[in-house]
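**Q** Pasting a structure here, questions to come.
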Amino acid sequence: MTTESHETNNLFQMAQNQFNTAADFLGLDQGLRKVLSSCKRELTVNFPVLMDDGTIDVFTGYRFQHNVARGPAKGGIRYHPEVNPDELRALAMWMTWKCATVDIPYGGAKGGVMVDPKKLSKHELENLTRRYATEIALMIGPDTDIPAPDVNTDAQTMAWIMDTYSMHKGYTVTAVVTGKPINIGGAEGRNEATARGCQYVIREACREKGMSLDGAKVVVQGFGNAGSIVARLLAEDGAIIVAVSDSTGGIYNPKGLDVRKVVAFKQEHSTVVGYPNAEQLTNHEILELECDILVPAAFENQLNEENAGKVKTKIVAEAANGPTNLAADQIFQDNGIFVLPDILANAGGVTVSYFEWVQDLQSFFWNEAETNKRLHQIMVKAFAQVYKISQERKIDMRSAAYILAVGRVAEAALTRGIYP
Ligand code: NAD
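Its first residue numbered 1133, the sequence shown is counted upward by one per residue in the numbering used here.
Structural data, given as C-alpha cells:
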C-alpha cells in the first residue's frame, strides 16, 4: 500500500528480487527457487455486509499464505482501499523471511480487505470483520494460520475474529489470532513489541557503529502504533526526536519534540499537524532532514530513487514493511547508510505474537518483564547473526538477513522433501 498506486504493482517484484539476491548468494537450485518465490495458498473472497442504512455492500478480501515449511502461517490483516494481491504476496513472503530471521517456528501469511474503515460505523466494521473471518475460516486456525493486527486493524478486530472463529467451533480458541486484548488471551507487552524490538536492534546498531543513542537525532515517519512508540522508547534512551509525521504532514523542532505531548496532541486532533512549538513540514521534507537515525514507520516505497540521494542519516531502521525500494537500497549502500532491514527491525511484533500464541496454547501467562526479557534475547541474537554474515561476506544488512532467513527456510523445505 502506498500513496502512489503504480508503485504497489512492483512490490511483489521487489520482494522477489530481494529473494533472488539471497538465492544467488546461497546457490539455491531452480526448483527450490520456484517453490520459495510464490505463495502456497491464495484465497480471494467477495462477501456481503449489511450496512446501517439497510443496504447491502459487497467487499473483497484476501488471505494469502506464502510458505509453511517451518510451521503454521503467521501474518497480519490490513484494512485499506488499496489492498491488492501483489502487495499481499510481497507482505506474506516478507513474513516468512521475518519469522525465519528471528528463528520462530512460523511461515508467512498476510490478509486484507479492500475497505476504508474510517467510512464505516463500528457496527458495520464488526459485521465486515465477522463475515470476513467466516470466509477465511477454511484457512485460519491455531495450527494452520494465525492472523494479527496490521494497518487499520487492532486488538478489537482480533477479538471479533477470535469470537467468530470460536462460535463456529463451539468452544473458545484464543490461539487463532494474536494481538488480542489482554483480558481474552492477549500478551502483556504485545502493543509495544514492534517498537521495542526496533529499539533493541537500533541500540545494537549504535553500539557496532560507535554511536551514542543518548543525544542522537531521530526522525520518525508515520506516527501510528509502530512509529509513535519507537519515538517514545528512543526518547527514553536519550535520543532527540527532531521530527515526526503522519499522513497529514510533518512537524520539526531541531531541539527535540516532547513525544508524550505529541501523542496527546494527536489523540485530541487526529493529526500531528498544528502541534505548537514546531515547524510544519511536508512528510516528504522530513525524510530529507539531517539526523542520525531515520525510522520509516508508515508504508511501503517511501524511500525511493527520488528522495534516497537526499537522505542525510547514518542509520535507517525500517519499522515499516518495505519502506525502501530497490533503487533506494542501492543508493543507501553507495552512500554508506546502515540499513536495519524490515525483516529484522520490525520482527519484535511477530516475536511477541509468537509468545502470545505459546501462552494461549498453554493457558499459562507471563508478565511484561518476562516478555521483554525474552524479546530482547531474540532480537539481540538475530541482530548478531545478521551482522556477522554482513561482516563476513562484506554485504549490506538486508542481503545478510535474507541469506540467514532464506537459508533457514530452504533448509527446512529440503529436509522435509517434496511431497509425494
Ligand atoms: P498505523 O496505522 O498505526 O500507523 C501508520 C501511520 O503512518 C499513521 O500515523 C499514518 O497517519 C501514517 N502515514 C500514512 N501515510 C503516511 C505518509 N505518506 N507519510 C507519513 N506518515 C504516513 O500502522 P502501524 O501498525 O504503525 O504500521 C506501520 C508500518 O509498520 C506498516 O508498514 C506495518 O506493516 C509495519 N508493521 C507494524 C507492526 C505492528 O505491530 N503494528 C509490525 C510489523 C510491521
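Just so you know, even glycine gets a beta-carbon here, dropped at the ideal spot from N, CA and C.
1. DSSP on F1191, reduced to helix/strand/coil?
2. Which whole runs of the beta strand (DSSP E) in the region 1384–1445 are 3 residues long or more, in chain order?
3. Count the C-beta pairs between the region 1298–1307 and the region 1325–1338 that are closer than 8 angstroms, then say yes if the count reaches three, no if not.
4. If you follow the beta strand (DSSP E) that P1209 is part of, which residue opens it and which one closes it?
5. Beta strand (DSSP E) containing E1174: first to last residue?
6. When every heavy atom of the ligand NAD is checked, does at least one fall within less than 7 angstroms of the C-beta of N1142?
7. Counting along the chain, where does the alpha helix (DSSP H) carrying G1539 start and finish?
8. What I want to know is whether the C-beta of V1351 ends up closer than 7 angstroms to one or more non-hydrogen atoms of the ligand NAD.
9. Counting C-beta neighbours from all protein chains within 10 Å, is the total for L1493 16 or more, i.e. buried, or is it exposed?
10. Tell me whether K1341 is buried or exposed, calling it buried when 16 or more other Cβ atoms sit within 10 Å of its Cβ.
11. Quick one: Cα of E1219 to Cα of R1210, how far?
12. According to DSSP, is G1239 part of a helix, a strand, or is it coil?
13. Assuming the contact rule is C-beta atoms closer than 8 angstroms, N1457 and L1435 should be a hit. Round their C-beta distance to whole Å, please.
14. Measuring CA to CA, which of A1532, E1400 and V1376 is closest to I1521?
15. Say the cut is 7 angstroms; is the CB of F1196 nearer than that to a heavy atom of the ligand NAD?
16. Compare the C-alpha of E1437 against each of I1447, K1446, Y1194 and P1455 and name the closest.
17. If you run the structure through DSSP and keep just helix, strand and coil, what is A1280?
**A** If we stick to the structure as given:
1. Strand, per DSSP.
2. 1411–1413 and 1425–1428
3. no
4. Looking at the sequence provided, one finds Ile at residue 1209 rather than Pro. Its beta strand (DSSP E) spans residues A1205 to Y1211.
5. If you look at E1174, you'll find it in the beta strand (DSSP E) that goes R1173 to L1182.
6. no
7. M1529 to R1548
8. no
9. exposed
10. exposed
11. 11 angstroms
12. strand
13. Yes, they are in contact, since the Cβ atoms of N1457 and L1435 sit about 7 angstroms apart, within 8 angstroms.
14. Nearest C-alpha to I1521: A1532.
15. No.
16. Taking only the C-alpha atoms, the option nearest E1437 is P1455.
17. Here A1280 sits in strand by DSSP.
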